[in-house]
Structure formats: structure tokens, C-alpha cells
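Per numbering that gives the first Met the number 0, the sequence shown starts with residue 0, numbered consecutively.
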Amino acid sequence: MMAEHPPLLDTTSILNSEIPLLTSPIVSGDGAQQVILVQVNPGEAFTIRREDGQFQCITGPAQVPMMSPNGSVPTIYVPPGYAPQVIEDNGVRRVVVVPQAPEFHPGGHAVIHRPPHPPLPGFLPLPAMIPPPPRHIYSPVTGAGDMATQYIPQYHTSQVYGDLETLPAHGRSNFRDERSCKTYERLQKKLKDRHGTQKDKLNSPPSSPQKCPSPTSEHNGLTKGQDAAGISTSSTKSKSLGKGKSNSQTDTEVEEKDEETKALEALLSNIAKPVVSDIQARTALLLWSPPSSDTREDTDKNDVPEVYTYEVMLSNTGKDGKYKTVYVGEENKVTVNDLRPATDYHAKVQVECNCVKGSPSEAESFTTASCEPDTPNLPRITNRTKNSLTLQWKASCDNGSKIHSYLLEWDEGKGNGEFCQCYYGQQKQYRITKLSPAMGYTFRLAAKNDMGMSGFSEEVLYHTSGTAPSTPASPLLINAGVTWLSLQWTKPSGTPSDEGISYILEMEDENSGYGFKPKYDGDDLTYTVKNLRRSTKYKFRVIAYNSEGKSSPSETVEYITCADKPGVPSKPSVKGKIHAQSFKIIWDPPKDSGGAAINTYVVEMSEGLNGNKWETIYSGAAREHVCDRLNPGCSYRLRVYCIGEGGQSTASDSLLVQTPAVVPGPCQPPRLQGRPRAREIQLRWGPPQVDGGSPITYYGLEMCHTETDEHREVYQGSDVECTVGSLLPGRTYSFRLRAANKAGFGLYSEKCEITTAPGPPDQCRPPQVACRSAACAQVSWEVPVSNGADVTEYRLEWGGVEGCMQMSYCGPGLSCEMKGLLPATIYYCRVQAVNVAGAGPFSEVVACMTPASVPAVVTYLQGLSEDEVESPHYSPSTCLAISWEEPCDHGSEILGYSIDFGDKQPITVGKVLNYFIDGLQPDTTYRVRIQALNSLGAGPFSHTIKLKTKPLPPDPPRLECAAYSSQTLKLKWGEGTAKALTDSIQYHLQMEDKNGRFVSLYRGPCHTYKVQRLSESTSYKFCIQACNEAGEGPLSQEYVFTTPKSVPAALKAPRIERINDHTCEITWEVLQPMKGDPVIYCLQVMVGKDSEFKQIYKGPDWSFRYTGLQLNCEYRFRACAIRQCQEIGGHQDLIGPYSAPVLFISQRTEPPASTKDTVQTTRTQWSQSDQVCAAVILALFAIFSILIAVIIQYFVIK
0 MMAEHPPLLD
10 TTSILNSEIP
20 LLTSPIVSGD
30 GAQQVILVQV
40 NPGEAFTIRR
50 EDGQFQCITG
60 PAQVPMMSPN
70 GSVPTIYVPP
80 GYAPQVIEDN
90 GVRRVVVVPQ
100 APEFHPGGHA
110 VIHRPPHPPL
120 PGFLPLPAMI
130 PPPPRHIYSP
140 VTGAGDMATQ
150 YIPQYHTSQV
160 YGDLETLPAH
170 GRSNFRDERS
180 CKTYERLQKK
190 LKDRHGTQKD
200 KLNSPPSSPQ
210 KCPSPTSEHN
220 GLTKGQDAAG
230 ISTSSTKSKS
240 LGKGKSNSQT
250 DTEVEEKDEE
260 TKALEALLSN
270 IAKPVVSDIQ
280 ARTALLLWSP
290 PSSDTREDTD
300 KNDVPEVYTY
310 EVMLSNTGKD
320 GKYKTVYVGE
330 ENKVTVNDLR
340 PATDYHAKVQ
350 VECNCVKGSP
360 SEAESFTTAS
370 CEPDTPNLPR
380 ITNRTKNSLT
390 LQWKASCDNG
400 SKIHSYLLEW
410 DEGKGNGEFC
420 QCYYGQQKQY
430 RITKLSPAMG
440 YTFRLAAKND
450 MGMSGFSEEV
460 LYHTSGTAPS
470 TPASPLLINA
480 GVTWLSLQWT
490 KPSGTPSDEG
500 ISYILEMEDE
510 NSGYGFKPKY
520 DGDDLTYTVK
530 NLRRSTKYKF
540 RVIAYNSEGK
550 SSPSETVEYI
560 TCADKPGVPS
570 KPSVKGKIHA
580 QSFKIIWDPP
590 KDSGGAAINT
600 YVVEMSEGLN
610 GNKWETIYSG
620 AAREHVCDRL
630 NPGCSYRLRV
640 YCIGEGGQST
650 ASDSLLVQTP
660 AVVPGPCQPP
670 RLQGRPRARE
680 IQLRWGPPQV
690 DGGSPITYYG
700 LEMCHTETDE
710 HREVYQGSDV
720 ECTVGSLLPG
730 RTYSFRLRAA
740 NKAGFGLYSE
750 KCEITTAPGP
760 PDQCRPPQVA
770 CRSAACAQVS
780 WEVPVSNGAD
790 VTEYRLEWGG
800 VEGCMQMSYC
810 GPGLSCEMKG
820 LLPATIYYCR
830 VQAVNVAGAG
840 PFSEVVACMT
850 PASVPAVVTY
860 LQGLSEDEVE
870 SPHYSPSTCL
880 AISWEEPCDH
890 GSEILGYSID
900 FGDKQPITVG
910 KVLNYFIDGL
920 QPDTTYRVRI
930 QALNSLGAGP
940 FSHTIKLKTK
950 PLPPDPPRLE
960 CAAYSSQTLK
970 LKWGEGTAKA
980 LTDSIQYHLQ
990 MEDKNGRFVS
1000 LYRGPCHTYK
1010 VQRLSESTSY
1020 KFCIQACNEA
1030 GEGPLSQEYV
1040 FTTPKSVPAA
1050 LKAPRIERIN
1060 DHTCEITWEV
1070 LQPMKGDPVI
1080 YCLQVMVGKD
1090 SEFKQIYKGP
1100 DWSFRYTGLQ
1110 LNCEYRFRAC
1120 AIRQCQEIGG
1130 HQDLIGPYSA
1140 PVLFISQRTE
1150 PPASTKDTVQ
1160 TTRTQWSQSD
1170 QVCAAVILAL
1180 FAIFSILIAV
1190 IIQYFVIK
């Protein structure tokens, strides 16, 4: 039977059909029955067909157990180019799939057969695209040597239609992890050690796992190039190519739409972040506005899209975390549900219009509110006695508020659905005592936090312990195989559903004589007994037991294992002579009939050497068959398998038979390819309809002139077309064809008559050329032989290069005048005649030279910059330098040049290519042109260029001090307007250093500069000069500026220590004298909230004791430092900034240490708030400074 076959082992790729995913079966166990563990590597997949007809895909890493009948390795189908090898390691037999070497002959443990059907597809992209299961794939139901899929608990299956993001985005020809590579190398080494006697037959060691060659023709049944993934990222390009569009056409369309797409994308990206409102524990309302663009105000309103598609994305893993789409639509608001309570979220909005998406908006953060806990899970039982039950549970999600108690209710065993409180507290377990034996109690659980009480869990029923279980029913047979029986039983009647009962399955083998022996002991209600003998009767019974004792055995039942499938028949052989269209084959029966009679033999035949399509040509009880109605010269492969009561056997080795070939039949007459020519014709033909069973190797073509009737062979070869040349125009010829194969030549075809066309004229004689002037020449020629048709026109080619001439005349005349020639230049020409038959060959090339003339115009004239002139007498304010390139002399050497630069007389210079004109006016524009001179005269003037002399260098500006401080000086010069910043004048500011030398501080177009890092009360000298295109101007006079003295730094917040209820002591930071000037301090206090600060102390001390405090009153203290500058006319006080105020509240509290804590906490809060304020001000100032610097860099300097 078909269903009795073991399931085919098939490895299919999940993503790429070109990945040769190989499985490595591991054979373990002793005796006649073994379990094969099919190892599925990471990235591979193992596909089987289950009993219900559905396909199950197991992804690696995993090990799939398969049952092996009679201790033999079942047939394992592998990709082409690979072979399995059996290795024994410490009593464990492993089957390893390795590349097949040309001269590698391993032991005969297993023979590899290609499957008679293609394997399953490697990847099914969508459920709707699943093809119907092929009928020829065997189902793994009760058969010889197979095992049901529901008894394979060692692996976890994964759905075929998984998340595409978990699949790899690339395909490699070989994909193995490090563990698989090491296992492969270790098994290969043991294989070489076992077959050491065959080392002389090996050319090279096996390939490395990383360099294992992949099959070139097909992978797992999918041909190379077939798209097995179906999720290619370049699907759009594939569709474009399928419609016949080239890559260049696609790029042109993209470029045309690029500008419009970018404009739309910029509009869609200009969207503000969403606004969050109505935030609840599990819901929130998001609102947003359509995108707007300020730059599109003047454009047509029709260009702005009217309908947008919005995509709202939410993230609970931070601002830069992974976002999830929660809404896609055209509305401007959405209520997001199913949120987690007390969780931080970030929301973004992205706009799409006309298949164009803009950039997402900025993220808006919000936090959901807290709520009552989630409903807890069912309480589970941890201990059970006759009079008590111990329950335990896990904490549920608290939703932002800590769970402080649990409520456990029960029905007291009444079963009426009414519950009362059993336990209320913080513990997560509870023991209920004083219960009745063998009685059921229903429980439910709820959790409580500050936000409220959660819902109750599902009700669960638990029973107390009772007596031993009753006698169970006899086990039932679910499925039977050749070496296994799958049994199932039920719980004893009257047993509580939650009571833990175990079962013992006993089996008796009548042939062993040992009686009943236990085969299974556990809690399951099903078990598969393995390692049994085929067609054998076994007795079974089951015993139930619990903590109280065992039950009586059930009634004994008998079940019989199935028969095995027969063995492989012998390889068929040919009996008698092989004819061109028939032959006879015979075969022998298999050595093992599987324990039953063989009913039918089936003969399958495949045409070709590598054909995978097998057709059944015979099915019956006889062991011979005549194969007829065959084609001559074809190869056929035949194989035989048999069918018995135990199922269908494996197919035998294939027999290759080739029928003899015969000579081919007559061909069709050759046909003309295109139009006939004057001296040649092109013929084409097809192969004969009957090739005789052998490929056509040669064709023979014979030609016959109708006037002489002489046949001669003009072509012999394998091509199906040829060109017959050396013919005469206007003649009639006949042709006939025959074909040949390895058996010989066939018959000639019928004759085909073809007439040649008229010929073109013969070659003309060389033309005659006469030069009339330096720019004109006369060309003439003679009439050639017309060759049967009158000449209709002549074509004259003329050019300055012999190999690159162009057509200059086309007409019926015999002469032509060439104008616009260059003097002293060699020209080449040739002529050709044309009639109705075509153009004749060109004449020989004739060369001629035109006479000399005045020089050509100077085509390149330019002015030189100041850096390019090396003369020391050159001044950019009174001189202009020019350069040019030497023009063509037209056959006479150039003697000099004439330069014209205005109303003055032109300047004549010698044979030079550059010159500078002096004695000019500053800041004046001149028009300059030049012409070349030779012995024949002056050439034409060149084009005119405009050059301007530079102005004189500017005078230095007046330097002033605009602002100053103790460490900085802001200097200002010139007008300082925005218009002045755009002129060409540069300024160079210098300052005198300690050594009395002036160093550069600034060079640029600005009119202000701030000098920093200066010392207080110090004088500095400065000077400045102006520069422009004419050069650097003179230095200004020395300017002296002095920095003032600095004020003291701000003090830290003062510290307050409570002395008693009406007195406190204030201390503050001590500063060192500033460059010899003493420092005193000023302390101020503010009583209450809305009053002003008043001075209570001024002096050099660093502490002050303040008395007269009132109870329950607020006091704020602050201090500052005062620098007393010693001047000649007296001292001057420089007051520094005040410190941060410190809050002090006078209260009668015990112990006194609490007052310190209050003052310290208040001081910390004030200090932290001031620090945050200062940090914000500093950040805003830094951003403003960077912005001003960027504006000056890009809009002023550049």
C-alpha cells in the first residue's frame, strides 16, 4: 500500500532555493529496530506530510526521530551531487550527508536514489498561495517502518508563514553555523580513518563545509534561478524588465519624476508632532494638523494635495526605540486603545500622498495613568492531603501601583456558586485545613492595590486526597505499524479531574514466556510501544495508581502488528536483440517478500538520460514485458518495483537501453534568404522531418548552372544556412540538399531555381584636381563601365585626412568646385558611381595642396593675473598683462603680432606669446585685441577682451574701543555698516606683545573684533592697516587701550546653623585678596515672602550671629563679596554678585537635628533650581553664539 511507505526525508529551504540545506541523520539503538534522528541545521527546514494530509515544516536547529525497520537505514533523498555515509562512533551509527567525489567508493550501507517526484516547495509566502498537495507524496500513516507525527515530541514546529522580519534578508550558497561545521569535520575524519585502505583511490580529501559546492542544476527540486522566497526587495525592477523596459528607460522615467517627488516629499515632511490629550490608563487621544509649507504660498493651490493618509506610530521603549504602527487613515485624530498603564510612550506621525511618504514628525511623549492590577492567574495546588490543600499563586501586573494584598475566596465545597473569603493578606500562598477527604473545592483569586481591586481569576476546582483509583478500562489501539503499536486509555470512572493518577502499561509476548512486563509508567493517557516484530500478536493491560495505592489490572486485550513491505526486485535486463522501435526486458522477484505474497509488478520508464518523469508502462503478475512503439536512436531508463500486502517496495536500479538509429529522411528544398544579389545569394534550410533517431551532423548542398547542367557540391557542414558566391549577375542556378547522421546520408531534396540580380558599376578612374586659389579647387572625373545598368549619380568624398573623408557632392555631373578651403593644406578625394543595382567601388585616393596665405585669426587671448607675471616692473594699477596662443601660419612663418588696446597707436611685438602694457591709468577699463603678421600680410583681428587696472591701495581707518571689561576689549574701525562688509577691502589688526613686536590678531572684512584673555588694569598697544586688490596700505598710528579691574566672584550659598529658638549663625565662603586689594563681605536678610532684603552686616568676617528670630517665620539670607581698590585719590568698592538666597524657618521642633534637616533640604532645593536655571541660560547663549558664527561664515566672509 502507498500509505505503508515511510515518509520521505526532504530538506527544503525557507528563503532561498539555492541554499543546499542538508540533514544529517543519526542512527542509534541496538537490535533489529532503531530510531534515526534527522539533524536539521540552523537555517534549514525539514518538511513532512502528516496523517491528516497537511504539510508540517520543522525549522532548525532540531532533531526529528524516525523509526527504522529491521535495523536498516531507510532511503534518504538528498540533493544531487551528495551521498550519505554511515559512521559508527562508540556504538552509535550516524548517517552523514557529504559531497560525492568521482573516485570515492564508500561501504555499501546505503544506496542513494533520486525521488520519483519533486520535493515540496521551499517557502510558501501566503496561505492563499499554498498549492494542493501532490498525490505522489507518501503520507506517514500506519505503514511499515514509519511513525505517526503526533509521537514526535522532541522538537517544536514553527509556522511556515512566520514573521518576515525573522527571516534572513540574504541568500548564501552554503549556510552552516560553527557547531555544524565542527561536527562535519569530526565525522569526515572518522570516515577517512575507517576507510584507510581506500586512500590510494582518493584524489583529494573531502571539501570543507564552508566550501562545499552547491548543486548547479537544482536545489531540493527547485531549478536554479527559480524564486523560492517570493519576497524580493527588487520586485518592482523585475516587473519592469518583464514588460520589456530596459534599465536606461527606467532611469529616464525616474529622473523625470525626481523633481516633483522631492517637492512632494518635502511638503509631507513638514508636519508638526501630534498633541496628546484625554490620557487614561489604557487609552489616549492623539490629534495632529495637516502638513504645511511656507514656501508654497505663491504657487497654485491645486498643487497642494487635498487628501493625505496618516500613519501613527507608537513606541514604549524610548524615543529612539522600535515604533509600531497603530493607525493608518485619513482622519486627523485617533483614540489609541490597549495601552499599558503607568507606561511612558512616544508617538510620531508620518504622512503619505500619491505613494510618496514624508519623514516622520518629532516624537511626542506621554505617560498613561495607573489603575487596578490585572486579573491574576489561577492559583495552583502545591500540596494535597485528605484534610488540607496548599495553594500558591504568582503576582500579576500591578499597573503602576504596588499590590499590597490578595483576596482568595472559596465555595466551602458546597458547589452552589456562592463564594466567601478564605484568605486576605500579602502572602502568595495559603494552606486550607480541616477539609473533608475526596471532596472538591472551588477557588478564585483577586489582587488589590491603591487604585482598586482587580477582577477575579477563573474558577478552579481542586479535590482532597481519597482512596486508591478503581479498575480502568482496557487500552484501545489508535494506530499500528510494522514495529510499533500506539495505545490509548482513559481515567477510571469516578476519579476527580484534578487528582494526580499515574498508569502502568504491561505487555505480554507469548513467544518470550516471561508473562506481562511493564512497558510504560507515567501520567500520559497514550503511549507507543516500539521495537516490536512484524505480524506478531501481543497482549496488553493497564493499571492505575495514586498516592493511596494501585488499582486492579484492566481486562487483557490483544493486538497484532502490521506486515512489512517487500524488498527491492532485481535490476531489469534485456532479453534478445534491441530493435529500433522495441525490445524485451525480464527481472527476478525480491529476496524478501515482506512476509506476504507479491501481487503486482510495476514497470516504469523514463525517456532520456537525465529525465525525472517516470511513466508506468506495465502492471501485472508476470516478470517480463515487451517495450514497443519506441523512437529510433533514443535512450530509455527502466525500473521495477513490486506491491504486496505489506505495501509497496522501493524501486530497483534503473536499466539504460538505447535503440539503434537509421538514416534520415529527405529534406525540404532550400529557400532563398532575403533578395538575390548580383554575385552571391544566401540560402537557408531546415532539418528533415525524420532524423532517423540520431542527430543530424552534416548537410550537403549541390549547385547546377542551367546552361551547362553540371552539378558540383558548394557546401558541406552542420550549419542550416550558407552564402554561395562567385556568381555572375542575371544568371539562373538550381540547388538541391541532403542530410546525414551517424548512419549515413539520406535522399536529395527537390530542386530550387534562383536568378541573380544586376550588378553595380565598376571602379572609376582617379579624379583630376586643379587649384584655382588658396580657398578654391576644381575636381573632374570620367564615366566608368556601367555593368548592365546606366549610371544614375556620382558621389565625391573630400577631406583633410585620408581615412576620414566626407561626401561633398552627389549628382549626375562629371565635375565639382570645392570652396572654403584652408591655405597650404593637403586634401584627399575619391569618386564613386551608382546605378539601380547599387554603388560601385570607390576610385583610388588623390591628394592635392592649396597655396599659402596670410596667418589665421588668434583664437585664444586672455589676461594674466599679478601672480603670473614675473617682471619686477609690473604694477597692477598701471599695467595690463596678456597672453595668447600661436595661430596657424597658413604656409608662411609668423614674424610678429600687432596689439590694439584703444585710441592709441597699436603696439607691434616680436614672435612672443605674452606681453604686458605699461603707462596706463589706475582703475580704468581697456579693450584689447591682437592680430598675427607674416611675409604675406596681416591676419584678421582676434576677439576683443576687457581688462581693468586695479585701484591704488587704501588708507588705514581710525581705531576705537567700543566696549571693555577686565579681560576683554572690543575694538571698532571704519563705518561698520552692513554695506561695508560686502566690499573688497580687508583689514589687518595687530597688537604689541611682551617683546615689543606687533603680532597679527585678525585679518578679514569685519569692522569689529573682540580681544580676549587679557589681564585686568593693563595697557595694550594696537595698530591697523587696510588691504584691497591693489595691495596692502600703510600701517596706522599706535593706539593704547587699558582694561579695568574685575569685580569679585559670586559666593556660594551661605550655611545656617540653629543656635536656639531665637538665634542662628550664618557662615559663608572666604575669598583671598585680589592682587593686594582686601575683600570684605555684605550679608542681607529678607523677613517673610514679599518684603525686601536689608543689610544686617558688612565687614571682613566670614560669619554672623543673627538674633531676634520669630517662631514660624520665614527668613532668607544672601551674601556678596566687596573688593576695596586702593586708589591714589582714595579706595573704591567693587561689589560682586549676590549668592543664591537660603530659606530658614524658625520652628520649635525636637530634636533640634530636624531643623538642620529642613534647612539643608531647602538649601538643596534652592541650589538645584539655580543650577538648572544657570545651565539653561548657558545652553541658550551657546546656541545663539553658534548661530551668529554660522551666519558670519556663510553670508559675510564667503
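Just so you know, even glycine gets a beta-carbon here, dropped at the ideal spot from N, CA and C.
Exercise for the section: Tell me the start and end of each unbroken beta strand (DSSP E) in the region 844–898 that is at least 3 residues and wholly inside, in chain order. Expected result: Note on the region 844–898: whole beta strand (DSSP E) runs with a minimum of 3 residues are 845–848, 860–863, 879–883, in chain order.
Exercise for the section: Tell me, to the nearest whole angstrom, how far the beta carbon of A445 is from that of M452; I am working on the premise that it is less than 8 Å. Expected result: Here the question's residue 445 lines up with position 446 in the sequence shown. Here the question's residue 452 lines up with position 453 in the sequence shown. M452 and A445 do touch by the CB rule: their CB atoms are close to 6 Å apart, below 8 Å.
Practice task
Say whether the region 728–746 touches the region 686–693, bearing in mind that this needs 3 or more beta-carbon pairs closer than 8 Å, one atom from each stretch.
Solution key: Verdict: yes, contact present.
Problem - Residues of its chain near D954, where Cβ-Cβ distance is below 8 Å and the 5 sequence neighbours each way are ignored - result: Looking up residue 954 in the sequence shown gives position 955. Excluding residues within five positions, the ones whose Cβ falls inside 8 Å are A1025, G1032, P1033.
Exercise for the section: Could you work out which residue in T849, A346, K321, N611 is closest to R771 when comparing CA atoms only? Expected result: As a working mapping, residue 771 is identified with position 772 in the sequence shown. With distances taken between Cα atoms, R771 lies closest to T849.
Practice task
Report the rounded CA-to-CA distance for L1179 versus Q1170, giving the unit in angstroms.
Solution key: Mapped onto the sequence shown, residue 1179 falls at position 1180. Mapped onto the sequence shown, residue 1170 falls at position 1171. Those two C-alpha atoms are separated by around 14 Å.
Problem - Straight-line Cα distance separating L970 from P1004 - result: Here the question's residue 1004 lines up with position 1005 in the sequence shown. Here the question's residue 970 lines up with position 971 in the sequence shown. Using only the alpha carbons, I get a separation of about 14 Å.
Practice task
Helix, strand or coil for Y558, going by three-state DSSP, please let me know.
Solution key: Looking up residue 558 in the sequence shown gives position 559. Note: Y558 maps to strand in three-state DSSP.
Exercise for the section: Please classify I984: does DSSP put it in a helix, a strand, or coil? Expected result: Position 985 of the sequence shown holds residue 984. In the structure shown, I984 falls within a coil segment according to DSSP collapsed to helix, strand and coil.
Exercise for the section: Would you please verify whether the beta carbon of Y1080 is less than 8 Å from any beta carbon of chain D? Expected result: Structure shown: chain D not included; a single protein chain is present.
Exercise for the section: Grab me the residues of S288's own chain with a C-beta within less than 8 Å of its C-beta, minus the 5 sequence neighbours each way, in chain order. Expected result: Translated into positions along the sequence shown, residue 288 becomes position 289. Counting only Cβ-Cβ distances below 8 Å, and skipping sequence neighbours, we find I270, A271, N331.
Exercise for the section: For E865, I'd like the list of residues in its chain whose CB is within less than 6 Å of its CB, leaving aside the five on either flank, ordered along the chain. Expected result: The sequence position of residue 865 within the sequence shown is 866, counting from 1. Hits under 6 Å: P875.
Practice task
Keeping to the same chain, check which residues put their C-beta closer than 6 Å to that of A823; ignore five residues upstream and five downstream.
Solution key: Residue numbering aside, residue 823 sits at position 824 when the sequence shown is read from its first letter. Excluding positions up to five away in sequence, the list reads A851, H889, G890.
Handout entry: Nearest residue (CA-CA) to G1098, options V1084, L654, Y1080
Key = Position 1099 of the sequence shown holds residue 1098. Distances from the CA of G1098 to each of V1084, L654, Y1080 were compared; the closest alpha carbon is that of Y1080.
Practice task
Please go through the same chain and pick out, in chain order, the residues whose beta-carbon is closer than 7 Å to the beta-carbon of F997, but skip the five residues on each side of it.
Solution key: As a working mapping, residue 997 is identified with position 998 in the sequence shown. Non-local C-beta neighbours of F997 in its own chain, meaning closer than 7 Å and more than five positions away in sequence, comprise Q989, M990, E991, C1022, ordered along the chain.
Handout entry: For I402, three-class secondary structure by DSSP
Key = The residue given as residue 402 occupies position 403 in the sequence shown. Of the three classes helix, strand and coil, the one that applies to I402 here is strand, per DSSP.
Exercise for the section: For M817, count neighbouring Cβ atoms within 10 angstroms of its own Cβ and tell me buried if that reaches 16, exposed if not. Expected result: Indexing the sequence shown from 1 puts residue 817 at position 818. Counting Cβ neighbours within 10 Å, M817 comes out buried, since at least 16 surround it.
Practice task
Determine the contact status of E371 and N315, defining contact as a CB-CB distance below 8 Å.
Solution key: As a working mapping, residue 371 is identified with position 372 in the sequence shown. As a working mapping, residue 315 is identified with position 316 in the sequence shown. Annotated as distal: E371 and N315, with beta-carbon spacing of 8 Å or more.
Practice task
For D29, count neighbouring Cβ atoms within 10 angstroms of its own Cβ and tell me buried if that reaches 16, exposed if not.
Solution key: Along the sequence shown, one-based indexing puts residue 29 at 30. Low per-residue confidence applies at D29: pLDDT is 42, beneath 50, and the placement is therefore not dependable, though the value from the model is reported in the following sentence. The residue is exposed, with fewer than 16 neighbouring Cβ atoms inside 10 Å.
Problem - Sequence-distant residues of its chain with Cβ nearer than 7 Å to G685 (five each side left out) - result: The count along the sequence shown starts at 1 and reaches residue 685 at position 686. Excluding sequence neighbours, G685 sits near Q667, V719.
Problem - Alpha-carbon to alpha-carbon, I47 and L637 - result: For this step, residue 637 is matched to residue 638 along the sequence shown. For this step, residue 47 is matched to residue 48 along the sequence shown. Cα to Cα, the separation comes out at about 28 Å.
Handout entry: C-beta atoms of N386 and P436 nearer than 8 Å
Key = If you number the sequence shown from 1, residue 386 lands on position 387. If you number the sequence shown from 1, residue 436 lands on position 437. Against a cut-off of 8 Å, the Cβ pair of P436 and N386 comes out as a contact.
Handout entry: Cβ pair count under 8 Å reaching 3, the region 703–713 against the region 757–768
Key = No, the region 703–713 does not touch the region 757–768.
Practice task
Identify the continuous beta strand (DSSP E) that holds R540 and give its terminal residues.
Solution key: Counting from one through the sequence shown, the residue named residue 540 turns up at place 541. For R540, the enclosing beta strand (DSSP E) stretches over residues 536–545.
Problem - Cβ contact check for the region 552–562 and the region 527–538: 3 or more pairs under 8 Å - result: Cβ pair count under 8 Å is three or more, so yes.
Handout entry: Where F1116 sits in the DSSP three-state scheme
Key = Numbered from 1 along the sequence shown, position 1117 holds the residue referred to as residue 1116. Assigned with DSSP and collapsed to three states, F1116 falls in strand.
Practice task
For M702, count neighbouring C-beta atoms within 10 Å of its own C-beta (all shown protein chains included) and say buried if the count is 16 or more, exposed if not.
Solution key: Along the sequence shown, one-based indexing puts residue 702 at 703. Residue environment for M702: buried (at least 16 other C-beta atoms within 10 angstroms of its C-beta).
Exercise for the section: Figure out for me which residue from A362, P491, E329 has the closest Cα to the Cα of Y344. Expected result: What you label residue 344 is simply residue 345 of the sequence shown in a count that begins at 1. The candidate whose alpha carbon is nearest that of Y344 is A362.
Practice task
Indicate the three-state DSSP secondary structure (helix, strand or coil) for S268 in the structure shown.
Solution key: What you label residue 268 is simply residue 269 of the sequence shown in a count that begins at 1. Here S268 sits in helix by DSSP.
Problem - Rounded separation between Y635 and W613 - CA only - result: Looking up residue 635 in the sequence shown gives position 636. Looking up residue 613 in the sequence shown gives position 614. When rounded, the distance between both Cα atoms is 10 Å.
Practice task
Let me know if V625 comes out buried or exposed under the rule of 16 or more other beta-carbons within 10 Å of its beta-carbon.
Solution key: By 1-based counting over the sequence shown, the position of residue 625 is 626. Here V625 is exposed: its Cβ has fewer than 16 other Cβ atoms, across all protein chains shown, within 10 Å.
Handout entry: Straight-line Cα distance separating V656 from V573
Key = Within the sequence shown, the letter at position 574 stands for residue 573. Within the sequence shown, the letter at position 657 stands for residue 656. The straight-line gap from Cα to Cα measures roughly 8 Å.
Practice task
Go through the region 630–692 residue by residue and report every complete run of the beta strand (DSSP E) that reaches 3 residues or more, in order.
Solution key: For the region 630–692, whole beta strand (DSSP E) runs of length 3 or above, ordered along the chain, are 634–643, 654–657, 680–683.
Practice task
Note down, one range per segment and in chain order, each beta strand (DSSP E) of at least 3 residues found wholly within the region 749–816.
Solution key: Complete beta strand (DSSP E) runs here, min 3: 751–754, 767–772, 775–779, 792–800, 803–810.
Exercise for the section: Taking N386 as part of the beta strand (DSSP E), name the residues at either end of that continuous run. Expected result: The residue given as residue 386 occupies position 387 in the sequence shown. Counting along the chain, N386 falls outside any beta strand (DSSP E), and DSSP gives it neither H nor E.
Exercise for the section: With a 10 Å radius around its C-beta and 16 neighbouring C-beta atoms as the bar for buried, classify P126 as buried or exposed. Expected result: For the purposes of this step, residue 126 is taken as the residue at position 127 of the sequence shown. Bear in mind that the predicted position of P126 carries a pLDDT of just 34, short of 50, making it too unreliable to give a figure here.
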